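A.B. asks:
Numbering (my numbering), first residue to last: 11 to 147.
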């Protein structure tokens with residue numbers, strides 16, 4: 011008997027409550043629930059629709075699907091290496107063809123959203139700590 015692929019409405023609702031790693035754990039629990047109780051599964055992360063309306067993917071998958079294009083995305087999961095965040099999982103919002111449109115989209119980005127070219131092997135974000143206001147006397 012072939013397993014059925016089902017949509018993830020629960021994951022969409024759970025996304026309202028949490029972000030990043032916490033959201034990932036909830037998706038994994040939901041997929042285990044589907045597999046054990048309903049005899050079906052969720053097809054990896056590719057069929058999970060995020061709050062932004064995008065498809066959840068690993069950066070390596072984004073590079074394969076959209077070679078040498080600009081992509082607007084929201085960061086869902088990352089790990090930190092030496093004051094740099096290396097992005098693992100993203101939610102694709104929009105695929106952009108030219109650099110002029112990419113700059114316009116970049117200016118409209120909200121917190122946690124980025125425009126990046128898929129020619130880069132990894133998405134690396136420098137972490138800069140805010141020092142505050144300094145006085146000179």
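Every residue gets a Cβ at the ideal spot worked out from N, C-alpha and C, and that includes glycine.
Nothing here was measured: the structure is a model prediction, and the numbers come from that model.
Spatial neighbours of residue 115 within its chain, please: C-beta separation below 7 Å, excluding the five flanking residues on both sides.
C.D. replies: Here the set comprises 82, 104, 106, 125.
A.B. asks: Nearest to residue 89 by CA position, among 142, 110, 137, 143, is which residue?
C.D. replies: For the residues 142, 110, 137, 143, the minimum Cα distance to residue 89 belongs to 137.
A.B. asks: Find out if the Cβ-Cβ distance for the pair residue 73, residue 128 is shorter than 7 Å.
C.D. replies: Yes, they are a contact pair.
A.B. asks: Could you have a look at residue 74 and say whether DSSP puts it in helix, strand or coil?
C.D. replies: DSSP places residue 74 in helix when its eight states are reduced to three.
A.B. asks: I'd like the span of the beta strand (DSSP E) that includes residue 120, first residue to last.
C.D. replies: Neither: residue 120 is in no beta strand (DSSP E) and is coded neither H nor E.
A.B. asks: Considering only their Cβ atoms, is the gap separating residue 133 from residue 102 smaller than 7 Å?
C.D. replies: No, Cβ-Cβ distance for residue 102 and residue 133 is not below 7 Å.
A.B. asks: What three-state label does DSSP hand residue 99 in the structure shown?
C.D. replies: Looking at residue 99 - three-state DSSP - the assignment turns out to be strand.
A.B. asks: How far does the beta strand (DSSP E) with residue 90 in it reach, from first residue to last?
C.D. replies: Here the beta strand (DSSP E) through residue 90 covers 80 to 91.
A.B. asks: Assuming the contact rule is C-beta atoms closer than 8 Å, residue 86 and residue 100 should be a hit. Round their C-beta distance to whole Å, please.
C.D. replies: Confirmed, about 6 Å.
A.B. asks: According to the neighbour-count rule (16 or more other Cβ atoms, all chains shown, within 10 Å of its Cβ), is residue 84 buried or exposed?
C.D. replies: So residue 84 counts as buried.
A.B. asks: Can you grab the Cα-Cα spacing for the pair residue 135 / residue 94, in whole Å?
C.D. replies: Residue 135 and residue 94: Cα-Cα distance of roughly 6 Å.
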